[in-house]
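Visitor: Numbering (the numbering used here), first residue to last: 125 to 417.
Mind having a look at this structure? Questions to follow.
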Ligand code: FPP
Ligand code: MG
């Protein structure tokens, strides 16, 4: 996939900031810091931090202070992948083309590396060099989005409980909007807040983030069917093998693709009032829906 130049620039800035924010690999206890670094640096696309930065850029030219916020979202995302791959959850050996954290460092270290990353995320947010009232608003929104009520952990619980069952469309919607869309929405919302957006604009970007986040998981489900493990860097075809609740399982591939396109159009419409100021965010939204990995 041809990534736009700004995406590569943002990704480089995020990688550098992540490196600076994480404890050194030899900081005591070295085992956990090595594991945290291994998973954060395993080559993720950095979609959430880049969404955060580009949402901020609509409202502010100076996005340097937004970088710690963007990194905190990647810490939370990485923790969720480490825990998702554990034997008690999805039990996977491969992530981002590499052995999963517990395969490499053992289960105990992987569990604690996830805990460490989640905790460090909130410390990083609390220390972000932005207006204190905005910082608190971000902490609250990110906390809720990663949590149990319509948040990532709640969605993950529903996802596990739906395995092997015939589920209703409403439950599938709940799983996708909570497990995946909530953190993506939080990335966009926290970027907007950090960039100085007023309440109406935060609400608009919240709708955009929610919708594009939902599309992200629908596409993820489609890719699990269509692509290979080599392309995805994680085990392909796992959803069907584990009898997961997915869009292709419930509606078929064609309808799932159609639905992703509808969500993309709805998300794009939210950005229309910003014109060229939202050009990068629009390009990101397209990338999310049309990616192949
Ligand atoms: C792939 O992101 C990740 C998802 C589609 C999110 C799935 C949600 C979970 C695994 C929730 C787990 C929650 C808990 C509490 C364990 P990506 O394609 O951006 O991956 P990348 O960062 O490797 O590019
Ligand atoms: Mg899972």
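A virtual CB, placed ideally from N, CA and C, is assigned to each residue, including glycine.
Check the C-beta distance from residue 142 over to residue 195 and give it rounded, since I have them as a contact under 8 Å.
Guide: Mapped onto the chain shown, residue 142 falls at position 18. Mapped onto the chain shown, residue 195 falls at position 71. Indeed, because the Cβ distance is near 5 Å, the residues count as touching under 8 Å.
Visitor: Closest to residue 140 by C-alpha separation, out of 155, 159, 170 and 153, would be which residue?
Guide: Walking along the chain shown from the start, residue 140 turns up at place 16. Out of 155, 159, 170 and 153, 170 has the C-alpha closest to the C-alpha of residue 140.
Visitor: For residue 207, verify whether its CB is less than 6 Å away from any heavy atom of the ligand FPP.
Guide: Sequence index remark: in the chain shown, residue 207 carries index 83 (1-based). Because some heavy atom of the ligand FPP lies under 6 Å away, the Cβ of residue 207 counts as near it: yes.
Visitor: Contact check, residue 252 vs residue 193 under 8 Å by CB: the rounded distance?
Guide: In the chain shown, residue 252 corresponds to position 128, counting from 1. In the chain shown, residue 193 corresponds to position 69, counting from 1. The pair is a contact, with the Cβ atoms about 5 Å apart (cut-off 8 Å).
Visitor: Assign residue 222 to one of three DSSP states: helix, strand, or coil.
Guide: Start at 1 with the first residue of the chain shown, and residue 222 comes out as number 98. Looking at residue 222 - three-state DSSP - the assignment turns out to be strand.
Visitor: Does DSSP classify residue 272 as helix, strand or coil?
Guide: Taking the first residue of the chain shown as 1, we reach residue 272 at position 148. It is coil, neither helix nor strand.
Visitor: Grab the span of the alpha helix (DSSP H) containing residue 251 for me, first residue to last.
Guide: As a position in the chain shown, residue 251 is number 127, starting the count at 1. First-last for residue 251: undefined, no H or E at that position.
Visitor: Using the rule of at least 16 other Cβ atoms within 10 Å of the residue's Cβ for burial, across every protein chain shown, is residue 389 buried or exposed?
Guide: On the chain shown, residue 389 is found 265 positions in, with the first residue counted as 1. So residue 389 counts as exposed.
Visitor: Assign residue 260 to buried or exposed, taking buried as 16 or more other Cβ atoms, counted over all protein chains shown, within 10 Å of its Cβ.
Guide: For the purposes of this step, residue 260 is taken as residue 136 along the chain shown, with counting starting at 1. By the 10 Å Cβ count, residue 260 comes out exposed.
Visitor: Helix, strand or coil for residue 163? Go by DSSP, reduced to three states.
Guide: For the purposes of this step, residue 163 is taken as residue 39 along the chain shown, with counting starting at 1. It is helical.
Visitor: Between residue 231 and residue 210, which are expected to be in contact by the criterion C-beta below 8 Å, what is the C-beta distance as a whole number of angstroms?
Guide: By 1-based counting over the chain shown, the position of residue 231 is 107. By 1-based counting over the chain shown, the position of residue 210 is 86. About 7 Å separates the two Cβ atoms, so the contact holds.
Visitor: Count the other CB atoms within 10 Å of the CB of residue 264; is the residue buried (16 or more) or exposed (fewer)?
Guide: Counting from one through the chain shown, the residue named residue 264 turns up at place 140. Per the 10 Å Cβ criterion, exposed.
Visitor: Please report the residue range of the alpha helix (DSSP H) in which residue 183 lies.
Guide: On the chain shown, position 59 is the one that residue 183 refers to. Per DSSP, residue 183 belongs to no alpha helix (DSSP H) and is neither H nor E.
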